[in-house]
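Residues 0 to 262 (numbering that gives the first Met the number 0) make up the sequence shown, in order. This report refers to the structure that appears directly beneath it.
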Amino acid sequence: MDKRISRAYRLNREMGHNIGVIGGTDSSRGSGLRADEQTIFDLQCNAFCVISAITIQNPSSPPRIHPIPPVALKSQLNSLAEQPLDAVKIGMLPDAHSVEEVALFLEKIDCDRLILDPVQKTSLGYDLISSNGWISLVKDLLPNVDLITPNFEEALCLLGLNHSAELKPQELIVKCAELGAKSVLLKGGHLPESRLVTDILLSHNNPQKNYNYQRLRGGTEVRGTGCRLASAIACEWTRHKVLEKAVESAGGYIQAYIKQNLP
0 MDKRISRAYR LNREMGHNIG VIGGTDSSRG SGLRADEQTI FDLQCNAFCV ISAITIQNPS
60 SPPRIHPIPP VALKSQLNSL AEQPLDAVKI GMLPDAHSVE EVALFLEKID CDRLILDPVQ
120 KTSLGYDLIS SNGWISLVKD LLPNVDLITP NFEEALCLLG LNHSAELKPQ ELIVKCAELG
180 AKSVLLKGGH LPESRLVTDI LLSHNNPQKN YNYQRLRGGT EVRGTGCRLA SAIACEWTRH
240 KVLEKAVESA GGYIQAYIKQ NLP
């Protein structure tokens, strides 16, 4: 191993912030666990990864999704449960079996920074989770986490609504909060074009807080930003302890990442 990389790994371990990450692989390397690991390492924390599915993705065809067998997923989660975790970020879960195993895992661990990025589709619009899996995610997993990070479309789907529902973001986030998660971060990056991108955070017993960012031309073409944001929040939450500050720091990190990777 390169001495510089080896030293970086050692420094990360010494910092002691351990992030558990559950999600799918992406053969195109644009999103998924690869993006999570890169973000967590970049923010000087340690990633402990569990693979929920192997996906084969390319721009010209629908993804092929291979869920990890429940026994193998359970073994990975049992191993992860033995680690001292400061935060857990949950990404792609392909089916109801994987949702069930993760829900059982959360019951075993003592961690109060549980983040669910409710991944439903690829950036090209293809499903990444079965319909039964999505129902189970809303019913069995979402009420047991500390933060969910849906975009506008995912938020509508969490509520069983379609695009014809005329809800403002400020109304939509309140309805999402009623599903049971302690906090909701509604991402605004894919909303109709405007000069600013506004993410909204709603935490229990706190007023809504807006985070405004300059809309970057071509920014929605940068893949993996949702994965990276949730992982960045996990890292910053262990550092700042206050969610509002963690979201602010993570948002700035993602804005810089988008600028560096514009097409």
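Glycine included, each C-beta is placed from N, C-alpha and C at the ideal position. It should be emphasised that the depicted structure is a prediction, and the values quoted were computed from it without experimental measurement.
{"Item": "Assumed close pair residue 38, residue 231 - CB separation to whole angstroms, cut-off 8 Å", "Value": "5 Å"}
{"Item": "Inter-stretch contact (C-beta, 8 Å, three-pair minimum) for the segment 193–202 and the segment 214–227", "Value": "yes"}
{"Item": "First and last residue of the uninterrupted alpha helix (DSSP H) at residue 258", "Value": "242–259"}
{"Item": "Bridge partners - residue 52, DSSP secondary structure assignment", "Value": "23, 66"}
{"Item": "First through last residue of the alpha helix (DSSP H) which encompasses residue 176", "Value": "168–176"}
{"Item": "Start-to-end residues for the beta strand (DSSP E) that takes in residue 202", "Value": "195–202"}
{"Item": "First and last residue of the uninterrupted beta strand (DSSP E) at residue 32", "Value": "Where residue 32 is concerned, there is no enclosing beta strand (DSSP E), although the alpha helix (DSSP H) it sits in stretches over 32–41."}
{"Item": "CB-CB length for residue 117 against residue 157, believed under 8 Å", "Value": "6 Å"}
{"Item": "Neighbour-count burial assignment, residue 59, 16 or more Cβ in a 10 Å radius", "Value": "exposed"}
{"Item": "Local conformation of residue 75 per DSSP, three classes", "Value": "helix"}
{"Item": "DSSP three-state assignment for residue 61, whether helix, strand or coil", "Value": "strand"}
{"Item": "Residue of 88, 246, 73, 260 minimising C-alpha distance to residue 31", "Value": "88"}
{"Item": "N-terminal and C-terminal residue of the alpha helix (DSSP H) that residue 268 is part of", "Value": "For residue 268 there is no data in the structure shown, the boundaries of the chain being 0 and 262."}
{"Item": "Straight-line gap, residue 143 to residue 29 (C-alpha atoms, nearest Å)", "Value": "29 Å"}
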